[in-house]
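A quick write-up on the structure given underneath.
Protein chains: 2
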Amino acid sequence: MQSTDSTPLSYEQAGVQYDLIDPLKVAAQRAAAATGAHLAAHGFAEVEASRGESAYVVDVGPFYLASIVECLGTKTLVADEMQRLTGRSFFDAIAQDTIAMAVNDLVTVGATPLVVQAYWAAGGSEWFADAERAQALVAGWKAACDTCGVAWGGGETPALAGIVETGRIDLAAACTGLVNPRERLSLGEELGPGDAIVLLGSSGIHANGLSLARKLSSRLPQGYLTEVAPGLGYGEALLAPTVLYSPVTEALWAAGVRVHYAANITGHGWRKLLRHPKPFTYRIHTVPPVPPVLRFIQQQAGQDDAEAYGTLNMGAGFALFLPAADAERAVAVAQRCGVPAWVAGQVEAGAKRLRIEPLGVEFGGDALQLR
Amino acid sequence: MQSTDSTPLSYEQAGVQYDLIDPLKVAAQRAAAATGAHLAAHGFAEVEASRGESAYVVDVGPFYLASIVECLGTKTLVADEMQRLTGRSFFDAIAQDTIAMAVNDLVTVGATPLVVQAYWAAGGSEWFADAERAQALVAGWKAACDTCGVAWGGGETPALAGIVETGRIDLAAACTGLVNPRERLSLGEELGPGDAIVLLGSSGIHANGLSLARKLSSRLPQGYLTEVAPGLGYGEALLAPTVLYSPVTEALWAAGVRVHYAANITGHGWRKLLRHPKPFTYRIHTVPPVPPVLRFIQQQAGQDDAEAYGTLNMGAGFALFLPAADAERAVAVAQRCGVPAWVAGQVEAGAKRLRIEPLGVEFGGDALQLR
């Protein structure tokens with residue numbers, strides 16, 4: 087019925103109502119902030135600037151401790167449907183997505199991820215009876231740990247009938263790491279005018295915007311089997327695993343490139359470039375090529391560039407803010423890690439805003455409310 | 087229809103099929119173990135003896151890093167039903183349960199918990215629209231952090247329509263801590279004959295055995311409103327929050343009591359006393375009083391003592407193995423923390439088994455398969 091529907095599709099229509107979540111988030115953030123003082127009794131201290139950043143950082147003396155838990159979201163629903171359509175399990179890719187959600191956030195603060203814990207909450211014991219799928223999840227999880235050089239510490243595999251829907255699984259990852267040496271801390275203290283913005287390429291939608299992407303599939307006559315490029319189906323393209331960026335951040339440090347700040351481009355798309363509270367203008371002069379699946383979503387959802395770049399990664403999965411003199415070298419280091427990269431813009435003095443010049447798109451400082 | 091059913095109710099009948107989960111667990115444990123070597127590239131090393139223990143431990147030089155993620159399980163279903171019956175939200179207690187699952191595991195290795203991350207995955211944004219419930223969750227979470235002296239670092243509040251059932255929430259906690267100083271590491275290297283077993287009291291069912299407890303409620307004519315003791319309803323008794331044991335383990339260290347090993351008594355009940363791989367006989371001469379709700383479950387489910395003590399905590403939520411000379415002092419320290427405690431038995435040379443002498447119950451070394 088919806089196959090000829092061409093009305094624009096917004097994020098709220100896709101089922102995510104941020105206004106219902108946000109009051110709780112504010113209350114939780116306030117309560118959480120009040121607990122940081124407990125660390126003094128143990129001889130440690132929170133790094134207050136990490137509140138509102140992508141990972142929480144504690145000063146434990148010889149180095150900083152960083153930790154995080156991250157949910158994959160609803161990308162498994164695409165994998166489930168694609169398994170039904172193709173008979174193939176995509177849970178190896180899904181495993182990488184889940185680890186990427188945690189690792190890519192953790193490295194923004196300058197931490198080396200050390201330990202990942204698995205959280206696999208199934209709708210019932212029978213989820214694990216599909217041996218091929220379960221083994222794909224295990225194999226993909228291990229491969230992602232291998233890529234990131236992290237130890238898989240353990241985890242939980244609860245069967246939660248009555249909470250998680252039958253046949254579904256709720257996936258998350260917790261990650262702990264160290265900022266070592268301490269000078270690697272990249273909470274933006276040195277972020278400032280003159281810094282270059284280096285963007286790292288994405289592999290596709292990664293794991294944000296899936297509610298929209300799933301809603302869209304119901305409008306397509308061939309659904310997930312619709313081609314987004316010759317030989318590339320929509321569902322398969324959506325399931326390209328998220329790029330793991332920790333090999334790049336580790337290689338940058340090893341190469342002597344000092345990152346001032348970093349942003350993982352997830353929910354809110356490029357608005358995440360406005361993440362740091364400092365009031366700067368972020369001017370983008372070069373825009374990475376857009377992966378076919380994201381161009382397809384933009385077109386099918388009838389989004390203009392402002393909406394597309396404000397909600398999806400549009401080809402840039404991670405942003406580095408670093409000294410301009412190191413920008414080209416940073417690009418080379420990333421490319422040696424197999425990750426495409428571009429010197430895409432610079433930080434300038436001025437009102438807080440993001441200007442994507444090639445597209446004529448601008449986001450004001452109030453376009454992102456995370457704190 | 088089931089109100090007069092008096093056939094015994096086993097854990098499998100209650101819906102948990104461990105044999106479907108275990109093959110995956112074995113594969114995951116094997117893959118995870120193979121990743122520990124990655125830590126060498128960062129100048130660190132895993133503590134191999136922590137594999138199979140309740141928290142994963144990494145040697146980072148000046149101290150050990152411990153981390154974990156733990157799921158609450160299905161206890162929220164009892165809170166949801168009790169809210170329907172009484173109009174009252176029990177999510178403050180539920181928050182404490184969730185943190186206890188993580189913190190009580192983390193402290194078994196000798197770690198001081200430092201940071202807790204919240205994982206609150208709701209079936210949809212509307213879960214958060216019940217402000218009283220949401221605020222209870224926040225308040226309870228903060229209060230538990232205050233009790234444990236941990237910093238609430240942040241967390242995730244995803245809305246997972248299509249994965250988590252509408253109106254439900256999947257709760258988990260990740261916890262990171264340090265074993266500091268290093269001598270606090272309590273992986274059982276010094277566990278041996280002559281050690282005393284000190285048991286710490288539970289407040290009730292804690293958060294294990296809830297599938298059985300819920301199944302049982304459907305057999306009772308008055309369900310969760312059935313009295314288990316004068317003035318104490320079954321549902322309300324089930325929702326007594328799990329005891330947080332980290333204040334006790336911190337106070338023990340401060341008092342100079344050195345713990346050789348510790349076991350959090352959760353799933354598998356007292357069989358968890360057999361957790362350490364060393365082959366000893368654990369002889370129990372004193373059994374704590376059984377909380378009314380657990381005695382009620384045992385009676386209603388028609389369990390003998392072996393089944394009850396082999397699946398539920400039966401009044402003992404945590405076990406400490408420590409030098410006999412310190413046992414009475416450990417009890418006094420726990421009681422000063424408001425936690426009842428008993429010198430309950432001792433470790434002896436001999437075949438691996440647990441003998442609960444006052445009950446005439448014995449579990450062999452093969453009664454617990456965790457590795």
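Sequence order for the protein chains is W and B.
Here this note's numbering is used: the first residue of the first sequence is 87, the next is one more, and so on.
Here this note's numbering is used: the first residue of the second sequence is 87, the next is one more, and so on.
Ideal placement from N, C-alpha and C gives every residue a C-beta, glycine not left out.
Under three-state DSSP, which class holds residue i?
i, result
"W/E276", "coil"
"W/L360", "helix"
"W/D390", "coil"
"W/R174", "coil"
"B/E139", "coil"
"W/K438", "coil"
"W/D145", "strand"
"B/G451", "helix"
"W/D91", "Model confidence at W/D91 stands at a pLDDT of 45, short of 50, so the residue's coordinates are unreliable and nothing is read from them."
"W/D281", "coil"
"W/E132", "strand"
"W/A430", "strand"
"W/V329", "coil"
"W/V195", "helix"
"W/V343", "coil"
"B/V112", "helix"
"W/V250", "strand"
Can you give me the start and stop residues for the beta strand (DSSP E) that residue i sits inside?
i, result
"W/C157", "Y150 to C157"
"B/Y205", "T198 to A208"
"B/W238", "A237 to E242"
"B/A245", "No beta strand (DSSP E) holds B/A245; DSSP gives it neither H nor E."
"B/G263", "I255 to V265"
"B/R369", "F366 to I370"
"B/I348", "The sequence as given places Ala at residue 348 of chain B; Ile does not occur at that position. From DSSP, the beta strand (DSSP E) with B/A348 extends over Y347 to N350."
Check for me: the alpha helix (DSSP H) holding residue i runs from which residue to which?
i, result
"B/W227", "A217 to C234"
"W/E502", "An answer regarding residue 502 of chain W cannot be provided, because it is not within the stretch 87 to 457 covered by chain W."
"W/G321", "Y320 to L324"
Name, please, each residue of chain D whose Cβ falls closer than 8 Å to the Cβ of residue i.
i, result
"W/Y142", "Judged by its chain identifiers, the structure shown contains no chain D, and its protein chains are W and B."
I believe residue i touches residue j by the beta-carbon criterion, under 8 Å. Please report the beta-carbon distance rounded to the nearest angstrom.
i, j, result
"W/W238", "B/T194", "Between B/T194 and W/W238 the Cβ distance is about 20 Å, and since that is not below 8 Å, they are no contact."
"W/A165", "W/F177", "6 Å"
"W/G321", "W/R254", "About 17 Å separates the two Cβ atoms, so there is no contact after all."
"W/T367", "W/R305", "The pair is not a contact, with the Cβ atoms about 38 Å apart (cut-off 8 Å)."
"B/V334", "W/A113", "Contact doesn't hold; Cβ gap of about 30 Å is too wide."
"B/A349", "B/A405", "4 Å"
"B/A131", "B/L125", "5 Å"
"B/G280", "B/A410", "6 Å"
Would you say residue i touches the ligand NAD, meaning its beta carbon is less than 7 Å from a heavy atom?
i, result
"W/L359", "Ligands displayed in this structure: none; no statement on the ligand NAD is therefore possible."
> In the stretch 286 to 316 of chain W, which residue ranges form an unbroken alpha helix (DSSP H) of at least 4 residues, counting only runs that do not cross its ends?
Replying inline: 296 to 303
> Counting only runs that start and end within the stretch 372 to 421 of chain W, where is the beta strand (DSSP E) found for 3 or more residues in a row?
Replying inline: 402 to 408
>> Across the stretch 428 to 436 of chain W and the stretch 299 to 318 of chain W, are there enough close Cβ pairs to call them in contact, namely three or more that are closer than 8 Å?
In response: no
> Does the stretch 383 to 394 of chain W come close enough to the stretch 152 to 170 of chain W to have 3 or more Cβ pairs within less than 8 Å?
Replying inline: no
> Are the stretch 342 to 359 of chain B and the stretch 261 to 277 of chain B touching, with three or more C-beta to C-beta distances below 8 Å?
Replying inline: yes
>> Three Cβ pairs or more, each shorter than 8 Å: is that satisfied between the stretch 389 to 409 of chain W and the stretch 278 to 293 of chain W?
In response: yes
>> If contact is defined by three or more beta carbon pairs under 8 Å, each pair taking one atom from either stretch, is the stretch 239 to 258 of chain B in contact with the stretch 148 to 156 of chain W?
In response: yes
> Do the stretch 369 to 381 of chain W and the stretch 444 to 454 of chain W meet, that is, are 3 or more Cβ pairs less than 8 Å apart?
Replying inline: yes
>> I want to know whether the stretch 234 to 248 of chain B touches the stretch 169 to 176 of chain B - three or more CB-CB distances under 8 Å.
In response: no
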